[in-house]
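Taken in sequence, the protein lines are chains A and B. Everything in the first sequence is counted per this note's numbering, starting at 1128 for the first residue and increasing by one. Everything in the second sequence is counted per this note's numbering, starting at 69 for the first residue and increasing by one. All remarks here apply to the structure that follows.
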Amino acid sequence: QKEVEQNSGPLSVPEGAIASLNCTYSDRGSQSFFWYRQYSGKSPELIMSIYSNGDKEDGRFTAQLNKASQYVSLLIRDSQPSDSATYLCAVTPFHQFYFGTGTSLTVIP
Amino acid sequence: SQTIHQWPATLVQPVGSPLSLECTVEGTSNPNLYWYRQAAGRGLQLLFYSVGIGQISSEVPQNLSASRPQDRQFILSSKKLLLSDSGFYLCAFTRGSTGEKLFFGSGTQLSVL
């Protein structure tokens, strides 16, 4: 399977701070990039998608993509305790979706 | 709107027993369908995907198999379960176009004892 790398964490930030999550991928043919949030024992839920270089903002979330560096990141502004979860990066070269191992985020009240 | 149904939610099976997990999608035609496994504390491993009826692509050689007997039905099977087959099994779908988002079912927690 294609390699998607994430720091496993855990990453801890205080409430109200910015959480920064990073992901690198190996397949230069990857076309689409996604961030999922997964609570313990639950299935992943999509929070962001990005397809072209640059930034994409959606509420408190900003996804950043740099295809030349094969790097995608997620910023969470004004972090809340409810943001505590594992964040999974996914890339798709075509029909397949390959996931990183996830970064565990804890937001401390 | 599209929905995905996956059952059962939990399953405990003895080593060597067979397995059948089923997933169905509603609200869209000709979806791409996927089976993933997540071992405890691990990432999502793509097991199989299908872009049409009868078309199955395998990502990881193992004692599991998949079938797609109908457009919106995806089945994961095993003839004899191994201890290493334990994990959280997730069915997922896209609407089929490149760039479409992947949506997951609620998952099946399988324990092989």
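Beta carbons are placed, not taken as given, at the ideal position from N, Cα and C, and that holds for glycine.
* What residues from chain E crowd round F172 (chain B), counting only those whose CB sits closer than 7 angstroms? -> The structure shown contains no chain E; its protein chains are A and B.
* Which of the three DSSP states, helix, strand or coil, is assigned to S1270 (chain A)? -> Beyond the ends of chain A as shown, which are 1128 and 1236, falls residue 1270 (chain A); an answer cannot be given.
* With I1174 (chain A) as the anchor, note down where its beta strand (DSSP E) starts and where it stops. => 1172-1177
* Asked: Tell me the DSSP bridge mates of D1182 (chain A)?
  -> A:Q1191
* **C-alpha distance - I1235 (chain A) paired with A1144 (chain A), whole-angstrom precision** => 10 angstroms
* Asked: Under 8 angstroms between C-beta atoms, does G1156 (chain A) make it to chain B?
  -> no
* Does DSSP classify P86 (chain B) as helix, strand or coil? -> coil
* Asked: Taking Cβ to Cβ, would you say G1229 (chain A) is nearer than 8 angstroms to Q1165 (chain A)?
  -> yes
* To do: Tell whether a beta-carbon distance below 8 angstroms holds between A77 (chain B) and Q141 (chain B).
  => no
* Pairing CB atoms from the stretch 144-163 of chain B with CB atoms from the stretch 82-101 of chain B, are three or more of them under 8 angstroms? -> yes
* Straight-line gap, K1183 (chain A) to L1173 (chain A) (C-alpha atoms, nearest Å) -> So the alpha carbons of these two residues sit roughly 15 angstroms apart.
* Does DSSP put S125 (chain B) in a helix, a strand or coil? -> Correct three-state label for S125 (chain B): strand.
* If you drop the 5 nearest sequence neighbours on each side, which residues of the same chain put their C-beta closer than 7 angstroms to that of D139 (chain B)? -> S97, N98, I121
* Asked: N190 (chain B) bridges to which residues according to DSSP?
  -> Nothing in the structure corresponds to residue 190 (chain B), since chain B is present only between 69 and 181.
* **Cβ neighbours of N1134 (chain A) in the same chain (closer than 6 angstroms, five flanking residues each side left out)** => If the five residues before and after N1134 (chain A) are omitted, its C-beta is found closer than 6 angstroms to the C-beta atoms of T1230, all from its own chain and listed in chain order.
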